[in-house]
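Q:
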Amino acid sequence: MESGAGGTGGGNVPEDANDHCPGTQSETAGKAEACAGCPN
1 MESGAGGTGG GNVPEDANDH CPGTQSETAG KAEACAGCPN
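All residue numbers for the sequence shown refer to the numbering used here, where the first residue is 1 and numbers rise by one.
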C-alpha cells in the first residue's frame, strides 16, 4: 500500500493527493475537508 503525499491512512492514497488525504478507499473519501480541490 502506498503512503502517498502525507496521507493519514484509509488506503490507496494517490501520490498527487492533498495533505491529510483519507485515501480513496476510506469512508470519508471525497467528503473530508482535505478532499476539497483534489483531482482524484
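We treat Cβ as the ideally placed atom computed from N, Cα and C, and that holds for glycine.
1) How would you call residue 17, buried or exposed, if buried means at least 16 neighbouring beta carbons within 10 angstroms?
2) Please state whether DSSP places residue 34 in a helix, a strand or coil.
3) Under the rule that 16 or more other beta-carbon atoms within 10 Å means buried, what is residue 22, buried or exposed?
4) List the whole-angstrom C-beta distance separating residue 36 from residue 19, where the pair is believed to meet the contact cut-off of C-beta under 8 Å.
A: Taking the definition as stated:
1) Flag for residue 17 reads buried.
2) Helix, per DSSP.
3) Here residue 22 is buried. Its C-beta has 16 or more other C-beta atoms within 10 Å.
4) No, residue 36 and residue 19 are not in contact; Cβ-Cβ is about 12 Å, not under 8 Å.
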